[in-house]
Amino acid sequence: MERESLDFDVVIVGAGPAGLSAACKLAQLSQQEQTNLTICVVEKAPDIGAHILSGAVFETTALDELFPEWQKMEAPLTNPVTKDSVVYLTSESKSVSMPEILIPEAMRNHSGHHVISLGKLCRWLAEQAEKLGVEVFPGFPAKQICYDDEGQVTGIITADMGLDKGGNQKDTFQAGIQLNARQTIFAEGARGSLGKELIERFELNQGKQPQHYALGIKEVWKFKKDDNRYQPGLVIHSTGWPLSSSDTTGGGFLYHLEDNMIAVGLITDLNYTNPYLSPFDEFQRLKHHPAFTHYLEGAERIAYGARAIAKGGLLSLPKQQFPGGLLIGCDAGTLNAAKIKGSHTAMKSGLLAAEAIHMALVNSSSVADYTELFETSWLYKELEQHKNFPGAIHRFGPIMGGALTVFEQNIWQKFSSGSCPWIIHDKQEDHSSMRQLTESKPIQYQKPDGKISFDKTSSVYLSSTFHEENQPCHLLLSDSNIPITKHLDFYDEPSQRYCPAGVYELINVDGTKKLQINAANCLHCKTCDIKDPSQNITWTPPEGGGPNYTVM
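Numbering (the UniProt record's numbering), first residue to last: 1 to 552.
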């Protein structure tokens, strides 16, 4: 197929905090050193920030480095943390506020942190990148990686547009564009489809424990004017119920945003064992706890979304450099789960990538030496200090694992010269942790009341998700028989519960059960790609569309 071809010095896949930070820093270095680099950012969302979802309590460390005068530049950080608390939900109606001495140091939110919309920050970063001469192209999903005869990455090809369900060209067909690059940066976010290919091809995770993930589900609610419950900058985190009732780890959050809005959500670790568990329904249960209903009753739900989170930390972090490019941010897994923060670490990985790639291009090298810069940075030090948190929580649960984390962070690291000498691994992959029905206890979820709790259909509506119906399904089954011949008996086909958007549905066709894929509902969270027990589902980018988040 003939394709239009464009040449750049650097192509960046993904306009999230990592990719945009890399673009801005590269442009700054190019101007300072007068190297005149051509830089391009491609983003699958139709608008910058439309697929960005995070809590988010934001630490400014990396932003301070990138744009020291960000306040004068009117960055959308105007809501500093004013109060911070952690509550342990002991049951569906009771809770205990945790004293500060029992809260891990990393979880404490200091005065320099801000409660933000990460989507708004990404839109602002994109504006700064364009002012610096970067070409930013939203609405162009990267579908394929280009390699030369020696196996070096040489760029990407964007998705073909205008194919019907059978893969045939419609009247609107447009072939994808080949973007050639001397260096390519992959910053797709957690479980990126191209990042997954790169990790396997170049064996980047050799010697590492498996990556671990969680599913974050979030809603934004709006108070009426002059509601005295609204406290700008208030941050509340919860642990315990409802996930503890299913021996599952994770936690809730409630953040007071700007403009009388609050963000409420639940993070469910995807190493859960009970096939009956539904992260979406666990979130609906959480909102009925008095600690949450106190803020939600009488407010209006205005937005909904979901996203997988890579949370394995340093012990799961793959090698990030390979011939022709780098893997950065959540595409690699730089999130610091102990802090429940990943934006500042993603941004720092982008800054380091820019330095490494600029150096490689100046020296005409095919490999950017990111590793040396990374291992001498504050990013590495931070991840190394908290490397045991994911394994401790997974293996010992929130109480014992939390106590061990408090000991490491609040005592050992404070009174010793470095991080603890022991390592806590979790070598079981998330998809293999699910038990069969015979070993599991059914979970009965209450019907939503339409005031505090809701169904998936109305929730997906609030995500403004849209996909062209007549296009190839972007959710690929390796074997279409497995959901019925294997998963139905063993797990009651868990995709109908772990998907937070109702994409997967069991239907009856002539008296026979069949798995129906409602791809148009997809929120691009990637949970199906991660949690499917047989690794039978592969998420690939559709030709366009997806959620349209505005305040996430």
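Virtual Cβ for every residue (Gly too), placed ideally from N, Cα, C.
The model shown is predicted, which means the values in this text are computed figures rather than measured ones.
If you follow the alpha helix (DSSP H) that E135 is part of, which residue opens it and which one closes it?
Taken as a continuous stretch (DSSP letters only), E135 belongs to no alpha helix (DSSP H), being part of the beta strand (DSSP E) at E135 to P138.
For V41 and I12, which I take to be in contact (beta-carbon distance under 8 Å), what is that distance rounded to the nearest angstrom?
Indeed they touch by this definition, with Cβ atoms about 5 Å apart.
At the level of alpha carbons, what is the spacing between N508 and L475?
Cα to Cα, N508 sits roughly 21 Å from L475.
Which residues mark the beginning and the end of the alpha helix (DSSP H) in which A129 is found?
Element bounds for A129: L118 to K131.
Out of D510, G511, I530 and W539, which has the shortest C-alpha to C-alpha gap to I517?
The option with the nearest alpha carbon to I517 is W539.
Quick one: grab the DSSP three-state call for H394.
Looking at H394 - three-state DSSP - the assignment turns out to be helix.
Would you mind reading off the limits of the alpha helix (DSSP H) that contains R285?
First-last of the alpha helix (DSSP H) with R285: P279 to K287.
Bridge partners of W412, per DSSP?
In DSSP, W412 forms no bridge with anything.
Excluding the 5 residues preceding and the 5 following R108 in the sequence, name in chain order all residues of the same chain whose CB lies nearer than 6 Å to its CB.
Around R108: no qualifying Cβ.
Name the one or two DSSP bridge partners that T371 has.
None, per the DSSP bridge assignment.
Looking at the secondary structure, which residues open and close the alpha helix (DSSP H) in which H294 lies?
Taken as a continuous stretch (DSSP letters only), the alpha helix (DSSP H) holding H294 covers P290 to L296.
Is L317 closer than 8 Å to T334 when the C-beta atoms are compared?
Taking 8 Å as the Cβ cut-off, T334 and L317 qualify as a contacting pair.
Is the separation between the beta-carbon of D269 and that of G250 shorter than 8 Å?
Yes.
Starting from H256, follow the beta strand (DSSP E) in both directions and report where the run begins and ends.
Here the beta strand (DSSP E) through H256 covers G250 to H256.
G16 and T184 - do their beta-carbons sit closer together than 8 Å?
Contact: no.
So, is K348 buried or exposed, given that buried needs 16 or more other C-beta atoms within 10 angstroms?
That one is buried.
Between the segment 427-444 and the segment 528-546, are three or more C-beta pairs nearer than 8 Å?
In short, these stretches touch, since the Cβ pair count reaches three.
Determine whether the beta carbon atoms of S91 and I236 lie at a separation below 8 Å.
Cβ distance not < 8 Å, so S91 and I236 don't count as in contact.
As a quick exercise: from R229, P242 and R285, pick the residue whose alpha carbon is nearest that of N260.
For N260, the nearest C-alpha among the options comes from R229.
Does the Cβ of Y461 have 16 or more other Cβ atoms within 10 Å, making it buried, or fewer, making it exposed?
Counting Cβ neighbours within 10 Å, Y461 comes out exposed, since fewer than 16 surround it.
Which runs of the beta strand (DSSP E) fall wholly inside the segment 459-542 and span at least 3 residues, in chain order?
Counting whole runs of 3 or more residues, the segment 459-542 contains the beta strand (DSSP E) stretches 475-477, 504-509, 512-517 and 537-539.
Here's the rule I'm using: 16 or more other beta-carbon atoms within 10 Å means buried, otherwise exposed. How should V220 be labelled?
Counting Cβ neighbours within 10 Å, V220 comes out buried, since at least 16 surround it.
What residue does the alpha helix (DSSP H) around Y380 start on, and which one ends it?
Residues W378 to Q385.
Per DSSP, what kind of secondary structure is V362 in: helix, strand or coil?
Helix, per DSSP.
For the 8 Å Cβ check, are there 3 or more pairs between the segment 211-226 and the segment 293-301?
Yes: at least three Cβ pairs fall under 8 Å.
Look at the alpha carbon of G545 and the alpha carbon of T465, and state the distance between them as a whole number of angstroms.
The alpha-carbon atoms of G545 and T465 are separated by roughly 7 Å.
To which residues of the same chain is I482 closer than 6 Å at the C-beta, ignoring the five residues directly before and after it?
Closer than 6 Å at Cβ, skipping near neighbours: S534 and N536.
Can you tell me whether V10 is buried or exposed? The criterion is at least 16 other CB atoms within 10 Å of its CB, across all chains shown.
By the 10 Å Cβ count, V10 comes out buried.
CB-CB under 6 Å to T248, same chain, minus the five flanking residues each way: which ones, in chain order?
Hits under 6 Å: Y272.
Taking S278 as the reference, which of G133, V362, Q446 and E355 has the closest Cα?
If we check each option's Cα against that of S278, Q446 comes out closest.
In angstroms, rounded to a whole number, what distance separates the CA positions of I116 and T61?
Taking the straight line from one Cα to the other gives about 15 Å.
Per the contact definition of three or more C-beta pairs closer than 8 Å, is the segment 357-371 in contact with the segment 75-82?
Flag = no, the segment 75-82 and the segment 357-371 do not touch.
Bridge partners of M161, per DSSP?
In DSSP, M161 forms a bridge with Q174.
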